[in-house]
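Notes for the one structure printed next.
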Amino acid sequence: MQHPLVLPESFPHQTSAPRFLDGDSVHWLPLPNCSETDSGIVIGRFFAFASHRGQWEWKYLIWLKDASSGVLADTAWEEDLQRSTEEHY
């Protein structure tokens, strides 16, 4: 298992390219028994240790489309997001 406090030796040369780029519209994959998910636009990303997977992965900063709860942005692992067909807003 990789160590969470040390970047992989191959970073960034053998790191997978990020699936989403700044400006991409995305939404969270739906959870069981939940038809609605949050959506937004990618405004940044960083490489972080995903302890639930025991490896380093891309994590995204998402500007939320609906900020009615008072939360403007959230983060998500790449595996939890899907590209949205919505236009930019």
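Numbering (this note's numbering), first residue to last: 6 to 94.
Quick reminder that beta carbons are idealized off the backbone N, C-alpha and C, glycines included.
Quick caveat: nothing in here was measured; it's all calculated off a predicted structure.
| Item | Value |
| --- | --- |
| Under 8 Å between the Cβ atoms of V47 and D27? | yes |
| Rounded to whole angstroms, what is the Cα-Cα separation between S29 and W63? | In the sequence as displayed, the identity of residue 29 is Asp instead of Ser. Distance between the alpha carbons of D29 and W63: 15 Å. |
| So, at 6 Å on beta carbons, what are the nonlocal neighbours of G45 in its own chain, with the 5 sequence-adjacent residues on each side left out? | I67, W68, L69, K70 |
| Where does the unbroken beta strand (DSSP E) through L66 begin, and where does it stop? | 60 to 69 |
| Any idea what DSSP makes of D43, helix, strand or coil? | coil |
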